[in-house]
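**Student:** Okay, here's the structure, questions in a sec.
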Amino acid sequence: MLNKNVIEEINSKVSEILQNSPAKDVEKNMRAVLSGVFSRLDLVTRDEFDVQQEVLQRTREKLILLEAKVKEIEQQFGLSETGSKSAPESEITSENSQTTGAEQPKATSL
1 MLNKNVIEEI NSKVSEILQN SPAKDVEKNM RAVLSGVFSR LDLVTRDEFD
51 VQQEVLQRTR EKLILLEAKV KEIEQQFGLS ETGSKSAPES EITSENSQTT
101 GAEQPKATSL
């Protein structure tokens with residue numbers, strides 16, 4: 001394993017070389033180019049992302065509560081999962097017989 005002093009010495013030498021070389025200018029130019037590219041993209045900051053994530057979490061919690069309330073109300077009124085209770089068969093046939101008295105049209109095939 002390398003001695004800690006050796007690693008620090010290598011690090012300082014590399015930093016010194018980079019400061020005295022055109023690599024520092026290249027790095028500055030690359031940062032400027034990348035900054036320009038990122039500013040044109042439709043990006044959000046980490047803070048904005050975190051705020052939206054919190055809003056989404058609260059919205060999900062509210063949705064879960066509302067779904068539970070709807071389910072409770074459906075159970076109170078005897079409604080099914082599909083949204084309405086089906087009418088008894090006797091009501092359906094009595095509604096069909098109470099038409100205007102005219103004969104119902106027969107289905108024809110094309």
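Heads up, the sequence shown is in UniProt numbering, so the first residue is 1 and it goes up one at a time. Where is the CB? At the ideal position from N, CA and C, for every residue including glycine.
1. Under the three-state reduction of DSSP, which class applies to G78: helix, strand or coil?
2. Quick check on V44: does DSSP put it in helix, strand or coil?
3. Please classify S12: does DSSP put it in a helix, a strand, or coil?
4. Near M1, what residues of its chain come up, given a Cβ to Cβ distance below 6 Å and the 5 sequence neighbours on each side ignored?
5. Any idea what DSSP makes of E91, helix, strand or coil?
**Tutor:** In terms of the structure at hand:
1. Collapsing the DSSP output to three states places G78 in coil.
2. In the structure shown, the three-state DSSP call for V44 is coil.
3. Looking at S12 - three-state DSSP - the assignment turns out to be helix.
4. Confidence at M1 is low in this model, with a pLDDT of 46, below 50, so the placement of that residue should be treated as unreliable; the coordinate-derived value is given next. No residues qualify anywhere along the chain.
5. For E91, the pLDDT reaches just 49, beneath the cut-off of 50, and the residue's location in the model is therefore unreliable, although a value from the coordinates is still provided. In the structure shown, E91 adopts helical secondary structure according to DSSP, grouped into three states.
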